[in-house]
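When you line the sequence shown up against full-length UniProt numbering, it's residues 1 to 109, in that order. We put the CB at the ideal spot given by N, CA and C, even for glycine. One structure below.
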Amino acid sequence: MSEVIIRTLWIYGLTIIVSLAVAVIIKAIVVTLNMLERKPAAPAQPAAVPPVPFAVEADHIVAIAAAVYAMANTHRIVRIEATPHQPGWAAGGRQAHHASHTLPHHPKR
1 MSEVIIRTLW IYGLTIIVSL AVAVIIKAIV VTLNMLERKP AAPAQPAAVP PVPFAVEADH
61 IVAIAAAVYA MANTHRIVRI EATPHQPGWA AGGRQAHHAS HTLPHHPKR
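Quick look at the structure:
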């Protein structure tokens, strides 16, 4: 065999050995870190949360809004009231959404 082929095989063999050594070191690091980060076997179960009633009183909403205002202090609350159902906004949005999917209509020539 020529000297070039022998040297090439030597370099390939050395590369394989170094790659395997690096892979083994990385695997050892991963296993060690996983062992260090293990969590306790059985965490305590949290207490059951009682269900919240669906209806919220207006006084509660006002108190929450005041707390938010006190924390944020960047927005001004003008009024809090129930809004009537306005189908116009929903219908307009629905129409715009459906219209965005339509293809242009070309009459037969």
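Alpha-carbon spacing of residue i relative to residue j, whole angstroms
i           : j    : result
A65         : A96  : 33 Å
A82         : W89  : 16 Å
D59         : A72  : 20 Å
L9          : R38  : 44 Å
residue 176 : P104 : In the structure as shown, the chain starts at 1 and stops at 109, and residue 176 therefore has no counterpart that could be examined.
H98         : P87  : 16 Å
L14         : I26  : 18 Å
M35         : Q45  : 24 Å
V22         : P51  : 55 Å
Y69         : A55  : 23 Å
A63         : G92  : 34 Å
N- and C-terminal bounds of the alpha helix (DSSP H) containing residue i
i   : result
A99 : 87-99
A72 : 58-72
E3  : 3-36
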